[in-house]
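In the numbering used here, the protein residues as written are 63 to 467.
What follows is one structure encoded as structure tokens, with my remarks underneath.
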DNA sequence: CACCGTTCAGTTGAACTAAGCAACGGAATTCGG
DNA sequence: GAATTCCGTTGCTTAGTTCAACTGAACGGTGGA
């Protein structure tokens, strides 16, 4: 684009009749001031948390529900209001929200406590080198220095427990008995409904003092939510009939994931806008659906560590069509992987580690791995790539670039 | 043909190791009087 | 002589390795019909 044109481009971009009136509303961090179809849960939550305003320790709460059922929004909404009131009443109340799934933020016990400390005050804790007890002690001292009511919200807590065991939950629930001034209360949020079953009994009883379940939304509920948001986000008359309905239907099929529905609507809007349309028609929903999926895949791939990428590259390389085999077994894959490592100057990991990587890639949904026993032929994992064909070209490019081919 | 022990090629869990980091404490150095 | 800096030691986390037990169905041998 020549420079003159570029200037014009930006100008018209600004003056262009835009589809959105307030896109913020569809952003994932937007906190609506009215949450639909979650009155029961919010009321329940509020009544459990309310005693904190009298400086009485509220029960620990355990919240389950699939993704996009409004868990996080409801909790944020409730605590937000609680905080506002506490400020008016001069109650020293504080909440900390931590998403345990984030890598390198809170994926071990040590790091969880370290981030708690960082969120709580600006004291920074070295990211390695200290004994975990020491980190607990620092947290505890900071906490007890003044009188404070702390509510800790641990999102996706099941991920952390699965990875590092439930020790930290026990420690956190036990801290209260040592604190002289302050009180902490936990809210655990989990996507996995069966998660509590394999917790230690002590923890189960102390964390699960109260339990809340967020059922999936059905199609009409999602429609309500979408309509509400759409009214604020889009200019009037932009959305053609059937769009919201289609969005809702698609999301309802995916276990009632409202976040997905909202994303869908936003992306669809963005796509339409980019094509300089002033109406949002149904076809953009399909395009958005497609885009979301491909963005997710491309994003997860490009943010993986090198060895993950090397393994994935090996898988893609040896299962591409020209080799008329659509799966690869772990032994063959390992050799292939070592070869790639040699080419790129990467020191190959052992088979054991690659096995872990395969498991991880499987979890991410980038590949499909099944353990099969071939009798005397031993046992293997049959590994297939699960990347839609339309993306393979781009995935390949990303991997090659990142691996330095 | 049915049954059963063997065998293969990885899988998987647990213990272990190396690397990187922070804190501690003693030795060396600096500094002000 | 006190304060500060330097440096080796210790003890920690974490990523990855090593070790070894385990797996599950086809293979092939055995015995019974």
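All residues carry an ideal CB built from backbone N, CA and C; glycine is no exception.
| request: With DSSP collapsed to three states, give me the class of residue 214. | output: Here residue 214 sits in strand by DSSP.
| query | Beta carbon of residue 84, beta carbon of residue 330: below 8 angstroms? | reply | Going by C-beta atoms, residue 84 is not nearer than 8 angstroms to residue 330.
| said: I'd like the span of the alpha helix (DSSP H) that includes residue 464, first residue to last. | reply: For residue 464, the uninterrupted alpha helix (DSSP H) run begins and ends at 451-465, by DSSP.
| said: Just to confirm the assignment, what range does the alpha helix (DSSP H) spanning residue 182 have? | reply: Residues 171-182.
| In chain order, which alpha helix (DSSP H) runs of at least 4 residues are fully inside the segment 315-348? | 320-336, all fully within the segment 315-348.
| query | What are the complete beta strand (DSSP E) segments, minimum 3 residues, inside the segment 207-253? | reply | Annotation note: the segment 207-253 contains the following uninterrupted beta strand (DSSP E) runs of length 3 or greater, listed N- to C-terminal: 211-217 and 245-252.
| query | Of the choices 292, 256, 203 and 231, whose alpha-carbon is the least far from that of residue 241? | reply | Residue 203 is the option with its Cα nearest to residue 241.
| Given residue 418, which residues of its chain have a CB within under 8 angstroms of its CB, disregarding the five upstream and five downstream residues? | Counting only Cβ-Cβ distances below 8 angstroms, and skipping sequence neighbours, we find nothing.
| said: Alpha carbons only, please: which of 67, 122 and 129 is nearest the one belonging to residue 319? | reply: The candidate whose alpha carbon is nearest that of residue 319 is 129.
| request: State the Cα-Cα distance for the pair residue 146 and residue 111, rounded to the nearest angstrom. | output: Going from the Cα of residue 146 to the Cα of residue 111 covers about 13 angstroms.
| To the nearest whole angstrom, what separates the beta carbons of residue 376 and residue 404, a pair I think is in contact under 8 angstroms? | That belief does not hold up - the Cβ atoms of residue 376 and residue 404 are roughly 12 angstroms apart, past 8 angstroms.
| request: May I ask you to list the residues that DSSP assigns as paired with residue 443? | output: Residue 443 has 433 as its beta-bridge partners, per DSSP.
| task | Could you pull out every residue in the same chain whose Cβ sits closer than 7 angstroms to the Cβ of residue 364, ignoring the five residues on either side in sequence? | result | The beta carbon of residue 364 lies closer than 7 angstroms to those of 460 and 464 in the same chain, with the five residues before and after it left out.
| said: Going by DSSP, what residue range makes up the alpha helix (DSSP H) through residue 49? | reply: Within the shown structure, residues of the chain are numbered from 63 to 467, placing residue 49 beyond reach of any answer.
| Can you give the Cα-Cα distance for residue 251 and residue 127, rounded to whole angstroms? | Those two C-alpha atoms are separated by around 8 angstroms.
| task | Could you tell me how far apart the beta carbons of residue 433 and residue 443 are, in whole angstroms, since I believe they sit closer than 8 angstroms? | result | Their Cβ separation, rounded to whole angstroms, is 5 angstroms, which keeps residue 433 and residue 443 in contact under 8 angstroms.
| message | I believe residue 201 touches residue 175 by the beta-carbon criterion, under 8 angstroms. Please report the beta-carbon distance rounded to the nearest angstrom. | response | Yes, residue 201 and residue 175 are in contact; Cβ-Cβ is about 6 angstroms, under 8 angstroms.
| said: Please give me, in chain order, every unbroken run of the beta strand (DSSP E) with length at least 3 that falls completely inside the segment 76-137. | reply: Runs of beta strand (DSSP E) with 3 or more residues, each lying fully within the segment 76-137, are found at 123-127, listed in chain order.
| Unbroken beta strand (DSSP E) run spanning residue 275, endpoints | Looking at the DSSP string, the run of the beta strand (DSSP E) that includes residue 275 is 272-276.
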